[in-house]
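Residue 6 is where the sequence shown starts when you use my numbering, and the numbers rise one by one after that.
A quick write-up on the structure given underneath.
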Amino acid sequence: MKLSMATVDATSLLLAFVFVFVGTAGAVTFEVTNNASMTPGGQRFDVQYGVGHATQVLSEAASFIWTVFNQKETDRRPINVVALTVVDDTFGGIASTGGSAIELSQRYVGGYTGDLEAELTGVLYHESTHVWQWGLQDYAAHWWVFEGIADFVRLKAGLGPAHWVAPGQGSSWDKGYDVTARFLDYCDSLVKPGFVAGLNAMMKENGYSDDYFVQILGKSVDELWNDYKAKYGG
Ligand SMILES: *[C@@H]1O[C@H](CO)[C@@H](O)[C@H](O)[C@H]1NC(C)=O
Ligand SMILES: [Zn+2]
């Protein structure tokens, strides 16, 4: 009995601490809503992941992304509310992000076989990166850079799934997603505080340019891709 009281107290303290921490980390609020709680996937989300847990993950993802991007509060996108909604999707995918609103498909949650906790946390880190990254006005022209950065963040968080390509794989750097993420991870290792932090900052005004590789790393993206392939015996 005493033990369980102590546990409750510790939890309350932790929640209070988290609230204050979020408040002082730029007054960002994280909101999670299950709009599909009557569906099988929505019920699985509530039972096996949880709205409260998802709120915590969004908060941790934001702090992680700000660290990867090497951003002070004044460098970040001015976002006050990040909202995740579990939806009974019509879009047919896993998840999507528009502005600071993330939607997660209950069908994907319901149909996923494997470690649901790791998968959903990885998806939330990827989508949260879209909330916080600069340059999205250029997404249509250079989508692979933005998807590569989102998967790079997921990779750095230790949440890359087993089905991703191994380092050095892929036919060109602009395939997006895991192929681009592995290449960005190589580029990131070449400079402090990291290539991706510099790239993200440079994309703020006008989006992506190949010249950013030259400006940050002194080599063209094609040279870097050749170096990368050579490193892994490609
Ligand atoms: C969630 O449901 C509410 C109430 O029906 C609705 O107003 C809102 O637009 C829904 N959100 C999403 C993201 O579908
Ligand atoms: Zn994405």
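Note that CB positions come from ideal geometry on N, CA and C, so glycine has one too.
Note that the structure is predicted; figures quoted are calculated from it, not measured.
Count the other CB atoms within 10 Å of the CB of residue i; is the residue buried (16 or more) or exposed (fewer)?
i, result
"S177", "exposed"
"F218", "buried"
"H168", "exposed"
"Y237", "exposed"
"T102", "buried"
"G57", "exposed"
"S194", "exposed"
"A171", "exposed"
"D216", "exposed"
"D227", "exposed"
"G175", "buried"
"F35", "buried"
"V86", "exposed"
"A100", "buried"
"A145", "exposed"
"K197", "exposed"
"G199", "buried"
"S225", "exposed"
Look at the Cβ atom of residue i, then the Cβ atom of residue j, and state whether they are nearer than 8 Å.
i, j, result
"K256", "G140", "The first residue shown for the chain is 6 and the last is 239, placing residue 256 beyond what the model contains."
"V4", "L129", "Nothing about residue 4 can be reported from this structure: the residues present for the chain run from 6 to 239 only."
"W242", "G181", "No answer is possible for residue 242: it lies beyond the span of the chain, which begins at 6 and ends at 239."
"V37", "A67", "no"
"P166", "G127", "yes"
"L121", "Y54", "yes"
"I40", "T90", "Looking at the sequence itself, residue 40 is Asn, so the reference to Ile does not match. Yes, these two residues count as a Cβ contact at 8 Å."
"F131", "A106", "Phe is not the amino acid found at residue 131; the sequence shown has His there. Not a contact, by the Cβ cut-off of 8 Å."
"G212", "D143", "yes"
"V92", "S110", "yes"
Would DSSP call residue i helix, strand or coil?
i, result
"I221", "helix"
"N85", "coil"
"T38", "strand"
"T72", "helix"
"T126", "helix"
"S289", "One cannot answer for residue 289 here, as it falls past the ends of the chain, which runs 6 to 239."
"V92", "strand"
"N231", "helix"
"A186", "helix"
"A100", "strand"
"S177", "coil"
"S64", "helix"
"S133", "helix"
Within the same chain, show all residues whose beta-carbon is closer than 6 Å to that of residue i, passing over the 5 residues directly before and after it, in chain order.
i, result
"F74", "A202 and N205"
"E152", "G181 and Y182"
"A88", "E36 and A106"
"M207", "Y217"
"V184", "V170 and G175"
"D179", "W149"
Excluding the five sequence neighbours on either side, which residues of its own chain have a C-beta within less than 7 Å of the C-beta of residue i, listed in chain order?
i, result
"I70", "S133, T134, W137 and V158"
"S42", "Q48 and D51"
"L229", "C192, F218 and L222"
"K161", "V73"
Using C-beta distances below 8 Å, list every residue in its chain close to residue i, excluding the 5 sequence neighbours before and after it, in chain order.
i, result
"E124", "Y117 and P166"
Three-pair Cβ contact test at 8 Å for the stretch 42-57 versus the stretch 98-115: Taking a cut-off of 8 Å on C-beta distances, the stretch 42-57 touches the stretch 98-115, as three or more cross pairs fall below it.
Inspect the CB distances between the stretch 227-235 and the stretch 184-194 and report whether three or more fall short of 8 Å. With the cut-off at 8 Å, the stretch 227-235 and the stretch 184-194 touch.
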